[in-house]
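Numbering (this note's numbering), first residue to last: 206 to 921. Reading through the C-alpha cells given below for one structure.
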Ligand code: ARG
C-alpha cells in the first residue's frame, strides 16, 4: 500500500513536471505518438505526417544541420536558399573579410548567383530518416554481462546494422545511443558540401549588442545570414565546382508576414547539441567547480589579450573577430550557468529527486539489485578531482589555448613521412601543409599568440597537480628560471611555426631534424603525452560511470511514465513546441515577448564595439519605412521570445507557426535560465528569436537585395 502510494505520488509529480508543453527536445519520428495531441491543443494545425514523414516531403526536409550540427539552418526557396544565424555564418563572413572588403563591418549581398561566395569545409546535412533499433543493438546483451563485454556486443551489433543500412546508397548511416545508452536509433542522412554565402547584414545588425547583450533579453539583434546549397547537375552532393547548380529541396518553408502575438503556437526544429538533464547533483557540482570555473579562468586571461590586440587596428579586429566570439560565447555561458545553478537551487533540487529515486529503488529486492547502487557509483566517480582538473585545464589552456601548438601538430604527418624514404609521401604531406598557410596566417598574430602561450602555461602550472605537468615545463624551470614570458619569447623567435615565410622556406626543403628540434613541436608532443596520461586516469572511473548513468536513467524511466521522457540533446534532430510568451526575470519586472526597432535606436551608440549602428537603419526608422514588414501596431518588430526548449546547436533553427510557416529564427537563450541545459526552468526559460519580418526588412529595405525576398514564398 505504502509503495503504491509512493509510486503514485512520484508519478503525478513527474507527470506534472514533464507534461508541460515547453520542456522537451522530442524526436520528430515520435511526434505522432507522444506530442501531436498536446500540440494541437495549443494551436498546431499540422499533422504528424506533415512534420516528419519518410514517404512524403515534410517539414523535416527543410531543416538541416549546418557544419555537422554546430548550428541549424532552414531552406526557404526551391533553389536551396538557406537562412541561419549571423553567428553561424560568422567564420565564413570573417574569412572572406579583409581591410579592403570588410564584410563584418559593411555586410555582403550577392546581387547575382555568380557573386555567391564558396566556403570550403562548410556542410549542410539533411535527415533522410530515423528509426529505433534498440532491440537489434541489445540482442546479444544480457543483464549479468560485465560492461566491457556489453560494449563490444553493442558495437558489433551497431556495425552490422550500419553496414546493412548502407547497402549501396550514397547516404551516411549512423546508429546513435540515446537515454544514456538505454535506446538506440539509426539515422540516415545526406551531406552537401558546396554551401555558398549569399548575404549577411553588417555586424552592427547581425551581432548588434555584441558581448554585452549576448545571452540576454530584451534583444534587438538581426542575427541572420544567408547561404545557398549547391549540388552536382544530377542533384547529388559534390565539392565546390563552377558546374554545380542550386539544389532543389524536397521541401522549403513558406515565410509568414503575419507576425506573432502572445500565446501563439510556436515550434522549433533543429539540432540541439548537448544537454545533461538526467545528470546527478555530484555531476552538476563538478560542472560548476571544475568545468565552468576552469573555462572562466583560462578564457578570461586569453580574451583580455585578444581584446587588447583587436583594439589596435581594423586589420587586427578582422583577424581575431571570430576567434574572440567563439571563446567569449561559452565563457559568458559558464558564468551565467554557475549563477543560474546557484540562484535556482539546482543542486538541492537534484538531491531531492535522488532521494526519491533511492527510496523507489530500495523498495523491492529486484529493483535494489538492479538500481540500488547506481547513485553511489556515480558519486564515487566524482570523488577524485585531480585528473578532471588537469583535463579541463589541458583542453582550455594547452590544446585549445594558444594556436601555435595545435598548428605545430599539423606537421605530424609530414614528420612521420620524413622518417621514411617515400618521396611522394613527403611531397604530398608538405604540399597539404603548404595549402593551409594562407588561410591560417591571414588571421594570425604571432605576438598575440606569444602572450597567450606565456599566460596560459603559467596558469596551467599553478593550478594542476604536478603529476600532470608536461615534461617541457621542466625546461622552463631550469633554463628560464620559471619565467614563462622569457620561455615564450624564445620559443617564438626560434620556431618555424609562427611565421609564414619560415614555414614556406622549410616546406621547400623539409627536414626531419628541423621539426624534431623545433621548440613548438617539442612542446606539442609533450602536451599530447600528458593528455594521454590524463585520459588514462580518467578512463578508470569512466566504465563504471557509464554503466551507473545508464542504470540511473533506466530506473528513472521505469519509475516515471515513459511518455514524458525525451532524450538529452546529442546533435540529432529534435522538435520543441510551445507558445510565444514573455516572462518575469526578477521582482517587480515583466519582460514583454517582443522588441521593436525603437529599442534598437535607443540602444545604439556611435562607434561602440557592441552597439554601433548604421545610419541608414536609423534613417529608415525615422521615416517609418517598414513596407510590408511592419506590424499591425505600426512598429517594426525585431525579436521575440517563446517558451521552446533549445540549446547550443539550435542556433539558426526555424521557428515555425501552427501552419508550418517560418515566423522567426532561434538564436539565443536568456540570462535568467542559463542553467537550463542541466535543469529546464518552466517559468524562466525562453528561446530568443529574431522576427522573420525584421530579417526580410533588412534584406529588402535596408540592403536592397529584394531579389532574395522575391525568391521566397511569402504568406500574408
Ligand atoms: N549566445 C549565442 C549562442 O550560443 C551566440 C551569440 C553570438 N554572439 C556573440 N556576441 N558572441 O547561440
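Cβ coordinates follow ideal geometry from the N, Cα and C atoms, glycine included.
query, result
"Rounded straight-line distance, which links the Cα of residue 434 to that of residue 449", "10 Å"
"Three-state class that DSSP yields for residue 704 in the structure shown", "coil"
"At least three beta-carbon pairs within less than 8 Å, the stretch 451-466 to the stretch 867-881", "yes"
"N- and C-terminal bounds of the beta strand (DSSP E) containing residue 778", "Note, residue 778: premise wrong, no beta strand (DSSP E); not H, not E."
"Residue 252 - DSSP class collapsed to helix/strand/coil", "coil"
"Given residue 853 as reference, the closest of 615, 474, 734 and 732 once Cα atoms are compared", "474"
"Segments assigned beta strand (DSSP E), at least 3 residues, entirely inside the stretch 252-337", "268-271, 276-280, 286-289 and 329-337"
"The ligand ARG heavy atom lying under 7 Å from the CB of residue 272", "no"
"Span separating the alpha-carbon of residue 802 from that of residue 876", "22 Å"
"With 16 other Cβ atoms within 10 Å as the buried cut-off, status of residue 351", "exposed"
"Check: residue 507 C-beta below 7 Å from any heavy atom of the ligand ARG", "no"
"Own chain partners of residue 249 with C-beta closer than 8 Å, once the 5 adjacent residues on each side are dropped", "241, 470, 472, 782 and 863"
"Three-state secondary structure assigned by DSSP to residue 505", "helix"
"Paired residues, beta bridge with residue 377 - DSSP", "394"
"Contact test: residue 416 Cβ vs the ligand ARG heavy atom, cutoff 7 Å", "yes"
"CA nearest to the CA of residue 586, picked from 328, 488 and 549", "488"
"Neighbour-count burial assignment, residue 814, 16 or more Cβ in a 10 Å radius", "exposed"
"Those residues which DSSP pairs with residue 842 across a bridge", "801"
"Distance CB(residue 526)-CB(residue 299) smaller than 8 Å", "yes"
"Opposing strand residues paired with residue 443 [DSSP bridges]", "DSSP output for residue 443 lists no bridge partner at all."
"Alpha carbon of residue 900 to alpha carbon of residue 283, nearest angstrom", "19 Å"
"Range covered by the alpha helix (DSSP H) that runs through residue 242", "241-246"
"Identified DSSP bridge partners for residue 450", "436"
"Beta-bridge pairing of residue 472 - partner residues as DSSP gives them", "782 and 861"
"Check: residue 420 C-beta below 7 Å from any heavy atom of the ligand ARG", "yes"
"Beta-carbon spacing of residue 291, residue 843 below 8 Å", "no"
"Enclosing alpha helix (DSSP H) for residue 541 [first to last residue]", "519-548"
"Counted within 10 angstroms of its Cβ, other Cβ atoms place residue 911 as buried (16 or more) or exposed", "exposed"
"Cβ-Cβ distance between residue 405 and residue 430 below 8 Å", "yes"
"Which of helix, strand or coil DSSP assigns to residue 231", "strand"
"Where residue 710 falls: helix, strand or coil (DSSP)", "helix"
"Endpoints, the beta strand (DSSP E) within which residue 364 is located", "Careful: residue 364 lies outside any beta strand (DSSP E), inside the alpha helix (DSSP H) at 352-371."
"Spatial neighbours of residue 496 in its chain, beta-carbon cut-off 7 Å, leaving aside the 5 residues before and after", "597"
"Rounded separation between residue 481 and residue 773 - CA only", "6 Å"
"Start-to-end residues for the beta strand (DSSP E) that takes in residue 871", "867-874"
"Any non-hydrogen atom of the ligand ARG within 7 Å of residue 527 CB", "no"
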